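Contents: one structure, followed by commentary.
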Amino acid sequence: MFRYIVRRLLQMILVFIGTTFIVFTLMFAGGEGDPIQNLAGERPVSAIQRAQLEQQFHFNDPFLTRYWHYLTDLLNLDLGTSLTGRPVWDLITERFPTTLMLASIAILVTIVFGITAGVIAGIRRGGIFDNITLVVTLIIIGIPTVVLAPIGQLLFGIKWPIFPATANNPATWYELLLPGIILGMLSVATAMRLTRASVSENLRADFVRTARSKGIPRRRVIGVHVLRNSLIPIVTFIGVELGSLMGGAIITERIFNITGIGNLLYKSLSLGDAPVVVGTVSVLVVVFLIANLIVDLLYAVLDPRIRYE
Amino acid sequence: MQVRRLAAWAALPLAVTLGLTACGKSGGSDTGSTNPNGVVSVGIAEPKHLIPTNTAETSGSQVLAALFAPLVDFDEANKPYEVAAQEISTTDNKTWTIKLKDGWTFHNGEPVTADNYINAWNYGAYAPNAQDNNYFFDKIEGYAALNPADATTTPAASTLSGLKKVDDKTFTVTLNAPFSEFKSLLGYTAFYPLPKAAFTDVAASPLVLNKDFEQAPVGNGPFKIKGAWNHDSGIEVEKYDAFAGTKPSIGGANFKIYQNDAAEYADLQANNLDVIKQIPTDSLPTVQGDLGDRYQTSPASTLQVLAFPTFDPRFSKAEVRKAISMAIDREEIVNKVFQGSQRAAYSFVSPVVAGYRDKTCGAACEFNPTEAKKQYEAAGGPKSLNITYNADGGHQAWVDATCNQLKTNLGVDCVGTPEPKFADLLTKAKAKKDVGMFRMGWVMDYPSMENYLGPLYSTNGSSNYYGYSNPTFDNLLKEGSAAATQDEAIKKYQAAEDLLAQDLPVLPLRFGQNSFGHSTKVKDVSIDLFNRVDLNKIQYVG
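Structure below.
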């Protein structure tokens, strides 16, 4: 177990260097046009101002030198400053709690609705509930967020103001409830289909038959034997989902004015604010890797047959 | 039963949601008399900076307009009148004497003196400070010494030789060359004063700004900041009781920072926000129904043009350019593509400046397809055209529409060529690469005809990307800048504008329009020349 974790951590370092290098290259080695002009918008930038800013952001140093500076600064948790002069580390830590709150609401919605409905549908496979949930979830999954989120906002934020239409900064749980539910709904269908397939398969497994013939009550058979063994694919799915939600739900965050990671990324990308993009992505890579490691470790908890070498 | 219990669990969240529906609050607002202590909320985007000499975008300048009072403001006819200044006078348009009003103080109690202006301007003009509004000071004598051509060298001087203090309340500004519109220039954000508290040491040279000054700027304006700038959240200001100028009729303002304008508009509809400065384009078709008479429009300073690379032999003949102009139906594009949110332009200067005349472009801008085709063929115009635009600004629709009109009316091929960013387009045009026709946009820096002519069309103009050069035009501008009165200056500028109508280096297409909306809690909402909500006029009734 310990050796496994150490090996995974070492792999993470390699993945981290690889991904930051790619992002750094993409953001700084051209392609994004001229960051200084982007910052100025449609006005001309004087040669003097340009030279000052280039010096300040080391735009003229050779590429590898800049990447090396970046990596060494990173080890000291210094992510540099944005083109507007704010520390990138502050920008990220300010927004991370909000994104985390939004992600947990979304995941909770996915788990509560997806797994519950999936278990019921799995037990009563082919029944009315199974068919209805299949149709409903397929409809929801068929509507893209760009449509679902504004409709949700219009109906429950403006027409019948049950929820706030937009979120302030810092956001409260209440303000994040509606966007969280909408975000979670999108993965309910997947979670439900996964649970349903896994449950109905396990119901026919040998160990369930054995348990039943031993006279164990049905409640315990399903709750302990079937559910626990059915959770592995769902935990995988939710782990990946949580990782990507940490990256910020760009569309949902923009529609509900949530000051989270997604909005930060969107704004910096459109401004060509490379230091912020690279910094944010670096942090996200770490978060994603850790989330995946935790998921992998959870497998052993759910299924004792899995051993880590 | 197991199943029934699970079903009950699944039903619980639904029941909670339904329960919430029942207790959703019903908002009602009664329109009473005006409340002098009311706080108005205004939607903005996150400002880049809150330092006068470094704030070039409208969100930052909206906040600064509350915290600072300008030397001059503009009346109904867009002519400047004194606010913080007692008198601004000159005899030769080259040396200007600025006398300040007595009794004005900064929010920290410091009296406003001539030094406050001189220091702030010196700081802004000093190249190593890399201020966005640095170029506004380039007309003042000594600017070159602070801004060496080789950007890596340290400037020879750190103060503008053209700024001289006479006494505590008076200073003179000497310009490089006569400039009759200097008084109008002083209405811009870049020319606010800064208190002593803004600098680490006012005696130092060059001046160094306190690092955290912009987190809570101290100004001389009608409002003072409450707390500090909450990044990506909001900025609150409250009435400054010791303000010596005309006091506003509200108690304060809350600038709410939005990440995008669609969310801002949703908040206005939910009555959580009082003023939105620009209705999002996507919502324009429905805005009348959403807001009714709380939706308003006013002319804005932006001008959109179609520019020609006049150095390119295909477009070097004015007749070709004129024929293309006559083949474009501006009204149709404004109505169909922009839903009437912009206005067709038939002049080269915006209606927001003094001296504007309608239809200066004359017959060349009137839609006349038959005449256009005849003249185009007679002049030997190119068989295929293209219009380069920046893909990130929502320009594709009107560029394609324009191309279609040219195809139909001139019988030529025409395609739109996207460039990722406007900067890429300008870089290519400047390098005289093949861009074909291209889009250009202009936002006014100071309300004067000169600002729509000098930078864009004079031979050495900072934004002359078309290679246009006409010595008569350059001379007229020079004469206008040296004119004794503003009216005489306007006459010269108008003569210069008439030359553009003959030469057509660009085709005026559209004037911008402020499309703004407000909640039921405020009235007398207006947007000023610089696209800012006028907090001196707005009233709170909520």
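Protein sequence lines correspond, in order, to chains A and B. 310 is the number that our numbering gives the last residue of the first sequence; the numbers go up by one with no jumps. 618 is the number that our numbering gives the last residue of the second sequence; the numbers go up by one with no jumps. For glycine and all other residues, C-beta sits at the position ideal for the given N, C-alpha and C. Since the structure is predicted, the reported quantities are computational estimates derived from the model, not experimental observations.
Bridge partners of residue i, per DSSP?
i: R419/B; result: F587/B
i: A329/B; result: V116/B and V313/B
i: A253/B; result: Looking at the DSSP assignment, A253/B forms no beta bridge with any residue, so it has no partner.
i: V609/B; result: I603/B
i: A161/B; result: L176/B
i: C620/B; result: Residue numbering for chain B in the displayed model covers 77 to 618; residue 620/B lies beyond these limits and cannot be assessed.
i: Y371/B; result: G593/B
i: L379/B; result: W518/B and F587/B
i: Q12/A; result: Paired residues: none, contrary to the question.
i: P156/B; result: F150/B
i: N306/B; result: G310/B
i: G187/B; result: Correcting the residue type first, residue 187/B is Pro in the shown sequence and not Gly. T181/B.
Leaving out the 5 sequence neighbours to the left and right, which residues in its chain are closer than 8 Å to residue i when beta-carbon positions are compared?
i: P89/B; result: Legend: pLDDT at P89/B = 40, less than 50; position of this residue unreliable, no value from coordinates given.
i: T166/B; result: W172, T173 and F258
i: A273/B; result: F182, N184, E186, N286, F289 and V294
i: A91/B; result: Low local confidence applies: a pLDDT of 38 at A91/B is under 50, so the model's placement there is unreliable, with the coordinate-based value given in what follows. Result list for A91/B: empty, nothing under 8 Å.
i: L265/A; result: L92, I93, R96, G249, V277 and T281
Pick out whichever of the options has its Cα sitting closest to the Cα of residue i.
i: K170/B; options: A394/B, Y616/B, G238/B and K435/B; result: G238/B
i: M193/A; options: I159/A, K215/A, S231/A and R213/A; result: S231/A
i: Q589/B; options: S557/B, K315/B and R419/B; result: R419/B
i: V189/A; options: V24/A, I142/A and V89/A; result: I142/A
i: V197/A; options: D79/A, L246/A, R4/A and F114/A; result: Going by the sequence as given, residue 197/A is Arg instead of Val. Of D79/A, L246/A, R4/A and F114/A, the residue nearest in Cα terms is F114/A.
i: S83/A; options: L65/A, F289/A and V279/A; result: V279/A
i: L11/A; options: W161/A, G81/A and I291/A; result: I291/A
i: N252/B; options: V519/B, G119/B and S557/B; result: S557/B
i: G49/B; options: Y334/B, G297/B and V313/B; result: Within the shown structure, residues of chain B are numbered from 77 to 618, placing residue 49/B beyond reach of any answer.
i: G543/B; options: P112/B, L532/B and Y193/B; result: L532/B
i: P231/B; options: V475/B, S545/B, G218/B and K459/B; result: G218/B
i: P581/B; options: F331/B, V242/B, S534/B and Q451/B; result: S534/B
i: G297/B; options: K155/B, T386/B, K506/B and P269/B; result: P269/B
i: K435/B; options: F424/B, V429/B and V428/B; result: F424/B
i: S539/B; options: M516/B, Y193/B and S109/B; result: M516/B
i: I163/A; options: P151/A, A172/A, I152/A and L179/A; result: L179/A
i: P458/B; options: L486/B, G618/B, N347/B and V475/B; result: L486/B
In chain order, what residues of the same chain have a beta carbon less than 6 Å from the beta carbon of residue i, not counting five sequence neighbours either side?
i: D106/B; result: At D106/B the pLDDT is 43, less than 50, meaning the model places this residue with poor confidence and gives no usable figure here.
i: R9/A; result: L294
i: N612/B; result: P324
i: Q141/B; result: The sequence as given places Ala at residue 141/B; Gln does not occur at that position. Excluding residues within five positions, the ones whose Cβ falls inside 6 Å are R608.
i: T59/B; result: Limits of chain B in this structure are 77 at one end and 618 at the other, which puts residue 59/B out of reach.
i: I251/A; result: G263 and Y267
Which chain B residues are close to residue i, counting only those with a beta carbon under 8 Å from its beta carbon?
i: L54/A; result: A206
i: I87/A; result: Here residue 87/A is Arg; the residue named in the question, Ile, does not match the sequence. Result: H307.
i: N170/A; result: N306, D308, S309, G310 and I333
i: G127/A; result: The contacting residues do not exist; G127/A stays about 15 Å from chain B at best.
i: I159/A; result: A342, Q345 and A346
i: R255/A; result: Q335, N336, A338 and A339
i: P276/A; result: Ordered by position in chain B, no residue passes the 8 Å Cβ test against P276/A, which lies about 15 Å from the chain.
Can you list the residues of chain B that residue i reaches, using a CB-CB cut of under 9 Å?
i: I144/A; result: Here the premise fails: no neighbours, minimum Cβ distance about 18 Å.
i: I264/A; result: The sequence shown places Asn at residue 264/A, rather than the Ile named in the question. Those within 9 Å of N264/A in chain B are D308, Q335 and N336.
For a contact defined as C-beta to C-beta under 8 Å, what are the partners of residue i on chain A?
i: D343/B; result: A166, T167 and N258
i: N607/B; result: What N607/B touches in chain A: nothing, since even the nearest Cβ is about 13 Å away.
Whose C-beta lies closer than 7 Å to the C-beta of residue i among residues of the same chain, with five residues either side of it excluded?
i: V227/A; result: V200, N203, L204 and V209
i: V287/A; result: F17
i: I307/A; result: Y300 and A301
i: I614/B; result: V116, I326, V598, D600 and V601
i: I256/A; result: A150, P151 and Q154
i: G261/A; result: R96, T99, T100, L103, G249 and E254
Residues of chain A with CB under 7 Å from residue i, in chain order?
i: N169/B; result: Those within 7 Å of N169/B in chain A number zero; the least Cβ separation is about 25 Å.
i: N480/B; result: The premise fails here: N480/B is roughly 26 Å from chain A at the closest Cβ pair, so nothing lies under 7 Å.
i: K124/B; result: T85
i: Y223/B; result: First, the amino acid is wrong: residue 223/B is Asn here, not Tyr. Result: I49.
At a cut-off of 6 Å, is residue i close to the ligand NAD when judged by its beta-carbon and the heavy atoms of the ligand?
i: L303/A; result: Because no ligand of any kind appears in the structure shown, any question about the ligand NAD cannot be addressed here.
Output, in chain order, the set of chain B residues within a Cβ distance shorter than 7 Å of residue i.
i: Q154/A; result: A342
I want to verify the contact list: residues of chain A whose CB lies under 9 Å from the CB of residue i, in sequence order.
i: T228/B; result: A52 and Q56
i: A203/B; result: S47, I49, Q50, A52 and Q53
Exercise for the section: Starting from the N-terminal side, write out each stretch of the alpha helix (DSSP H) that is 4 residues or longer and does not extend beyond the stretch 172-249 of chain A. Expected result: 174-204, 207-214 and 228-247
Exercise for the section: Just list the alpha helix (DSSP H) runs in the stretch 73-140 of chain A, keeping only unbroken ones of 4 residues or longer that don't cross its boundaries, in chain order. Expected result: 89-110 and 117-124
Exercise for the section: Counting only runs of 3+ residues fully inside the stretch 502-584 of chain B, write out the beta strand (DSSP E) ranges in chain order. Expected result: 513-518
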